[in-house]
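Asks: Chains as they are written, first to last, in this note's numbering: chain A, 225 to 388; chain B, 14 to 152. Yeah, the Cβ is synthetic: ideal placement off N, Cα and C, and Gly gets one too. Everything numeric in this text was worked out from a predicted model, so none of it was measured.
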Amino acid sequence: MKKSNAKLLIMGALLSISMQLISCKSKLKDTDIQSSLNEKVQADSRLSHVTTSVNDGVVTLTGDCPDEACRTSAEQAAKDVKGVKSVVNNITIMPATPPVEVNTDSGLESGLRDATKDYPGVTATVNNGEVTLTGTIERSKLPKLMQSINALNPKKVNNNLTIK
Amino acid sequence: MAVQEKYAELINAAKSSGVNNLQVREENNVLYIDGQAPSGQVKDNLWSIYNKLDPDFRSGDVVLDVNVAEAAAGSKAKVITESTNLNIRKGPGTDQPIVGKAAHNEVVTVQSQANDQWSLIKTDKGVEGYVYNQYLQQV
Numbered sequence: 225m226k227k228s229n230a231k232l233l234i235m236g237a238l239l240s241i242s243m244q245l246i247s248c249k250s251k252l253k254d255t256d257i258q259s260s261l262n263e264k265v266q267a268d269s270r271l272s273h274v275t276t277s278v279n280d281g282v283v284t285l286t287g288d289c290p291d292e293a294c295r296t297s298a299e300q301a302a303k304d305v306k307g308v309k310s311v312v313n314n315i316t317i318m319p320a321t322p323p324v325e326v327n328t329d330s331g332l333e334s335g336l337r338d339a340t341k342d343y344p345g346v347t348a349t350v351n352n353g354e355v356t357l358t359g360t361i362e363r364s365k366l367p368k369l370m371q372s373i374n375a376l377n378p379k380k381v382n383n384n385l386t387i388k
Numbered sequence: 014m015a016v017q018e019k020y021a022e023l024i025n026a027a028k029s030s031g032v033n034n035l036q037v038r039e040e041n042n043v044l045y046i047d048g049q050a051p052s053g054q055v056k057d058n059l060w061s062i063y064n065k066l067d068p069d070f071r072s073g074d075v076v077l078d079v080n081v082a083e084a085a086a087g088s089k090a091k092v093i094t095e096s097t098n099l100n101i102r103k104g105p106g107t108d109q110p111i112v113g114k115a116a117h118n119e120v121v122t123v124q125s126q127a128n129d130q131w132s133l134i135k136t137d138k139g140v141e142g143y144v145y146n147q148y149l150q151q152v
């Protein structure tokens with residue numbers, strides 16, 4: 225009785241060891257790594273221009289980042305993903321350009337009053353940053369008028385003027 | 014990107030002609046080009062390229078805001094109205110009262126630039142006030 229009990233114990237131990245070995249060997253699939261990488265990258269707005277690819281547990285980062293801190297944090301985030309063996313960081317640094325500043329409608333309206341004062345045939349209206357020009361103008365005067373209007377920081381200029 | 018391709022010649026001209034703080038941005042299919050041109054000729058050249066690529070500026074896909082570098086305080090400027098006198102106003106705006114006039118082709122002294130549209134000037138006769146930048150040319 226005692227002997228068979230010991231045998232069972234040993235067999236059980238061996239079985240559990242071999243199962244552990246198997247589970248150790250089975251590495252995470254690239255597709256799983258890719259999906260957790262995607263989650264991480266999408267969560268960080270600074271990494272919106274970074275793309276990732278995985279091959280045999282090796283992650284390659286490409287795209288651009290506004291600064292070095294963003295570049296290294298992207299690399300660290302990739303290293304932290306389970307199953308990643310190494311990370312190739314090909315991210316280039318591209319300083320972010322500030323968004324275009326558009327004048328307020330009231331700012332545009334007062335600027336347009338001044339800009340169109342000497343063009344009696346021209347009417348300018350503003351809607352949500354867009355300037356629309358109607359009426360008539362001589363072709364030779366058009367560039368000057370457009371220059372003053374463009375300098376007011378409109379979102380867009382719709383030139384519907386009839387040219388004489 | 015299509016807008017940047019259409020105006021590639023304009024963008025390249027701005028890059029190669031020494032425009033300071035040049036920013037070329039695209040938002041909602043509108044191309045925004047901002048910066049300070051080193052001279053009036055550079056600005057005029059950019060505008061003639063723009064006019065060539067988009068005849069009579071009909072497409073509404075560019076906002077070209079390249080100003081001529083600010084005139085230094087105390088520099089001289091010529092009044093370049095078509096033929097008439099230039100109104101000198103109490104403040105920067107056509108709603109401001111007229112305090113005097115500068116003659117066509119008269120040379121005035123620029124005191125400061127109030128904003129992109131208006132400069133504070135002084136005439137040789139001692140009249141001080143604001144005039145619309147478009148009618149001033151640095152000399």
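Between D338(A) and chain B, is the shortest Cβ-Cβ distance under 9 Å, so that the two count as touching?
Replies: Numbered from 1 along the first sequence, position 114 holds the residue referred to as residue 338(A). Under the Cβ criterion of 9 Å, D338(A) is counted among the residues facing chain B.
Asks: Please list the residues of the stretch 372–383 of chain A that have a C-beta atom closer than 8 Å to any C-beta atom in chain B, keeping them in chain order.
Replies: S372, N374, A375, L376, N377, P378, K379, K380, V381, N382, N383
Asks: Give me the Cα-Cα distance between Q266(A) and F70(B), rounded to the nearest whole angstrom.
Replies: By 1-based counting over the first sequence, the position of residue 266(A) is 42. By 1-based counting over the second sequence, the position of residue 70(B) is 57. Rounded to the nearest angstrom, the two C-alpha atoms are 40 Å apart.
Asks: Look up G142(B) in the DSSP assignment and say whether it is helix, strand or coil.
Replies: Counting from 1 along the second sequence, the entry for residue 142(B) is found at position 129. Strand.
Asks: With a cut-off of 9 Å, does the C-beta of T321(A) fall near any C-beta of chain B?
Replies: Along the first sequence, one-based indexing puts residue 321(A) at 97. Taking Cβ atoms only, chain B reaches closer than 9 Å to T321(A), which makes this a yes.
Asks: Touch check for the stretch 140–148 of chain B and the stretch 97–104 of chain B: three-plus C-beta pairs under 8 Å?
Replies: Contact between the stretch 140–148 of chain B and the stretch 97–104 of chain B is present, because at least three Cβ pairs lie under 8 Å.
Asks: At the level of alpha carbons, what is the spacing between K341(A) and A301(A)?
Replies: Working through the first sequence from its first residue, we reach residue 341(A) at position 117. Working through the first sequence from its first residue, we reach residue 301(A) at position 77. Each residue's Cα considered, the two are about 58 Å apart.
Asks: Can you confirm whether Q36(B), when its beta carbon is compared against all beta carbons of chain A, has any partner nearer than 9 Å?
Replies: The count along the second sequence starts at 1 and reaches residue 36(B) at position 23. So yes, Q36(B) belongs to the interface.
Asks: Could you give the DSSP three-state label for Y20(B): helix, strand or coil?
Replies: Residue mapping note: residue 20(B) aligns to position 7 of the second sequence, counting from 1. Three-state DSSP puts Y20(B) in coil, outside helix and strand.
Asks: On a CA-only basis, which of D47(B), Q17(B), G31(B), S61(B) is nearest P322(A)? Give me that one, please.
Replies: Taking the first sequence and counting its residues from 1, one reaches residue 322(A) at position 98. The option with the nearest alpha carbon to P322(A) is D47(B).
Asks: Contact criterion: CB-CB distance below 9 Å. Does K368(A) meet it with respect to chain B?
Replies: By one-based count along the first sequence, residue 368(A) stands at place 144. Taking Cβ atoms only, chain B reaches closer than 9 Å to K368(A), which makes this a yes.
Asks: CB-CB under 6 Å to G53(B), same chain, minus the five flanking residues each way: which ones, in chain order?
Replies: The residue given as residue 53(B) occupies position 40 in the second sequence. Excluding residues within five positions, the ones whose Cβ falls inside 6 Å are V81.
Asks: With a threshold of 9 Å between beta-carbons, can K388(A) be considered close to chain B, or not?
Replies: As a working mapping, residue 388(A) is identified with position 164 in the first sequence. With 9 Å as the cut-off, K388(A) does not count as an interface residue toward chain B.
Asks: Any residues in the stretch 20–45 of chain B with a beta carbon nearer than 7 Å to a beta carbon of chain A? Which ones, in chain order?
Replies: Within the stretch 20–45 of chain B, Q36, R38, E40, V43, Y45 place their CB atoms closer than 7 Å to a CB of chain A, listed in sequence order.
Asks: In three-state DSSP terms, what is I315(A)?
Replies: As a first step, residue 315(A) is located in the first sequence; it is residue number 91 there, counting from the start. Residue state, collapsed to three classes: coil.
Asks: Specify the secondary structure class of Q109(B) as computed by DSSP and reduced to three states.
Replies: Numbered from its first residue, the second sequence carries residue 109(B) at position 96. Look at Q109(B) here: in three-state DSSP terms it is coil, with no helix or strand label.
Asks: Rounded to whole angstroms, what is the Cα-Cα separation between V283(A) and K303(A)?
Replies: In the first sequence, the residue the question calls residue 283(A) occupies position 59. In the first sequence, the residue the question calls residue 303(A) occupies position 79. Taken atom to atom, the span from the alpha-carbon of V283(A) to that of K303(A) is near 8 Å.
Asks: Can you tell me whether N34(B) is helix, strand or coil according to DSSP?
Replies: By one-based count along the second sequence, residue 34(B) stands at place 21. Strand.
Asks: Given a threshold of 16 other Cβ atoms within 10 Å of its Cβ, counted over all protein chains shown, does N42(B) qualify as buried or as exposed?
Replies: Locating residue 42(B) in the second sequence gives position 29, where the first residue counts as 1. Result: exposed.
Asks: Where K379(A) and A348(A) are concerned, what is the direct C-alpha to C-alpha distance, given to the nearest angstrom?
Replies: In the first sequence, the residue the question calls residue 379(A) occupies position 155. In the first sequence, the residue the question calls residue 348(A) occupies position 124. Using only the alpha carbons, I get a separation of about 14 Å.
Asks: Answer yes or no: do A85(B) and S132(B) have a C-beta to C-beta separation smaller than 9 Å?
Replies: Translated into the one-based positions of the second sequence, residue 85(B) becomes position 72. Translated into the one-based positions of the second sequence, residue 132(B) becomes position 119. No.
Asks: Considering just the uninterrupted stretch of the beta strand (DSSP E) at V152(B), what are its terminal residues?
Replies: Position 139 of the second sequence, counted from the first residue, corresponds to residue 152(B). Per DSSP, V152(B) belongs to no beta strand (DSSP E) and is neither H nor E.
Asks: Could you work out which residue in V140(B), I111(B), P110(B) is closest to V123(B) when comparing CA atoms only?
Replies: Reading the second sequence from its first residue, position 110 is the one you call residue 123(B). Cα-wise, what sits closest to V123(B) is V140(B).
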